[in-house]
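Participant:
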Amino acid sequence: MCCWGFCIDLLLTLAEKNAFSFSLFLAPDGQYGDLVEGPDGRNWTGMIGHLAGDGDADMAVAPLTINPQRSQDIHLTKPFKYQGITILVKRASIVPALVSILQPFRGTLWLLLMATVHVIAVLIWLLDRLSPVYR
């Protein structure tokens, strides 16, 4: 057999469970498939070209990335492996300071928060003074 790995193991399991036979061939250019704009229109290279263009293949088994261009021209199954793309950024160095507790909010928010606390304190004091229960 020309090939090995997870995708071939998956293909062998599918063939066994669903009772079909297959013959393997590699794309002559060795590519998965890129969309190429040419004078005769859009053409696919690689495995996708054998599926969408030539019709030489009925199925391609490979770790292909699903993108909008491929989805327009061929039918794709659900992925057998999800790949999370992550961007890493260096953490900013933080110098501990006495006022570092104030950093989560901006100055205007702290002022409004303090004003709200004082207004509520005055309202509670007024309600207490005007309450008939404590006269």
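Under mature numbering (1 follows the signal peptide of the UniProt record, and there is no 0), the letters of the sequence shown match residues -19 to -1, 1 to 116, in that order.
Cβ atoms here follow ideal geometry from the backbone N, Cα and C, with glycine treated the same way.
Applying the criterion that 16 or more other CB atoms from any shown protein chain within 10 Å of the CB defines a buried residue, is Ala33 buried or exposed?
Facilitator: With 16 or more other Cβ atoms within 10 Å, it is buried.
Participant: How long is the line joining the alpha carbons of Ala38 and Phe3, rounded to whole angstroms?
Facilitator: One C-alpha to the other measures close to 10 Å.
Participant: Mapping the DSSP letters down to three states, classify Gly88 as helix, strand or coil.
Facilitator: In this structure, Gly88 counts as helix in the three-state DSSP scheme.
Participant: Look up Glu(-4) in the DSSP assignment and give the residues it is bridged to.
Facilitator: For Glu(-4), which the question treats as bridged, DSSP gives no partner whatsoever.
Participant: Quick test of your reading: Pro44 and Cys(-17), contact by CB under 8 Å. State the CB separation rounded to the nearest angstrom.
Facilitator: Between Cys(-17) and Pro44 the Cβ distance is about 12 Å, and since that is not below 8 Å, they are no contact.
Participant: Look at the alpha carbon of residue 118 and the alpha carbon of Thr46, and state the distance between them as a whole number of angstroms.
Facilitator: There is no way to answer for residue 118, as the model of the chain reaches only from -19 to 116.
Participant: Nearest CA to the CA of Asp54: which residue from Arg23, Ile66 and Lys(-3)?
Facilitator: The shortest C-alpha separation from Asp54 is found at Arg23.
Participant: How is Trp(-16) classed by DSSP in three states: helix, strand or coil?
Facilitator: Trp(-16) falls in the coil class under three-state DSSP.
Participant: From which residue to which residue does the alpha helix (DSSP H) around Arg51 run?
Facilitator: Unbroken alpha helix (DSSP H) run through Arg51: Pro49 to Asp54.
Participant: Starting from the C-beta of Gly11, find all residues in its chain whose C-beta is less than 8 Å away, skip the five residues before and the five after it, and write them out in chain order.
Facilitator: Same-chain partners within the cutoff: Gly27.
Participant: State the Cα-Cα distance for the pair Leu93 and Gln64, rounded to the nearest angstrom.
Facilitator: Distance between the alpha carbons of Leu93 and Gln64: 45 Å.
Participant: For Trp25, list the residues DSSP reports as bridge partners.
Facilitator: The partner list for Trp25 (beta bridge, DSSP) reads Leu16.
Participant: Would you report the Cα separation of residue 138 and Val100, rounded to the nearest angstrom?
Facilitator: Residue 138 lies beyond the stretch modelled for the chain, which goes from -19 to 116, so this question has no answer here.
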